[in-house]
Amino acid sequence: MALSTATTTKNGLLKLTVAGPEHEPLPAEDVTRMFGASALGTARLERLARWSRLIAICGATPVGVATYQGAGGEVRAPDFGLDVSGACDIDAVVSAIVHGLEVACLAAGARRVVVMPPKGGEHLLVRAGFVAIHEGCAGSWMEKTLT
7 MALSTATTTK
17 NGLLKLTVAG
27 PEHEPLPAED
37 VTRMFGASAL
47 GTARLERLAR
57 WSRLIAICGA
67 TPVGVATYQG
77 AGGEVRAPDF
87 GLDVSGACDI
97 DAVVSAIVHG
107 LEVACLAAGA
117 RRVVVMPPKG
127 GEHLLVRAGF
137 VAIHEGCAGS
147 WMEKTLT
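Each number in my numbering corresponds to the 1-based position in the sequence shown with 6 added.
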């Protein structure tokens, strides 16, 4: 059974569900809508099927998803997909997923959340207290230390 919470946004009901590998994976069309077909490599699809994930659902439609896993003193979320044209307010979707990641981090006894930012949602993570990290590698990530 998935753990769920729901809030009302100006565009309808936004529900956040926690799912694990024992739950059905998201349908391919939803994953493609949130990540784009070009961003769906084998590793990402494996994590979406096997890792814990937070799924934001607006009405009956998934509009955001983040995979996550504890690693030492942090929780890592390498996959964060958004449907920026979805029915729910994108700020509310990112906020719900970020709060879910923070709760997962604290529940794991960790103090840092590391996220690969979603396309179109980087500025929302900055507003939530995340900092962009650039280390000369391909791409960057964002992190937040919880106090």
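Glycine included, every Cβ here is placed at the ideal spot set by N, Cα and C. Just so it is clear, the structure is predicted and the values come from calculations on it, not from any experiment.
Inter-segment contact for the region 110-122 and the region 29-46 is absent: fewer than three beta-carbon pairs are separated by less than 8 Å. Collapsing the DSSP output to three states places phenylalanine 136 in coil.
For arginine 59, the enclosing beta strand (DSSP E) has its first and last residue at 58-64.
A straight line joining the alpha-carbon of alanine 66 with that of glycine 135 spans about 30 Å. When DSSP states are grouped into helix, strand and coil, leucine 107 belongs to the helix group. Rounded to whole angstroms, the separation of the alpha carbons of glutamate 28 and leucine 88 is 23 Å. A Cβ-Cβ distance of about 6 Å is found for the pair tyrosine 74 and leucine 107, placing them in contact under the 8 Å criterion. Rounded to whole angstroms, lysine 125 and alanine 116 show a C-alpha spacing of 26 Å. Valine 81 places its beta carbon 9 Å or farther from that of glycine 127. Around the beta carbon of isoleucine 61, a 10 Å sphere encloses 16 or more other beta carbons of the protein chains shown; the residue is thus reported as buried.
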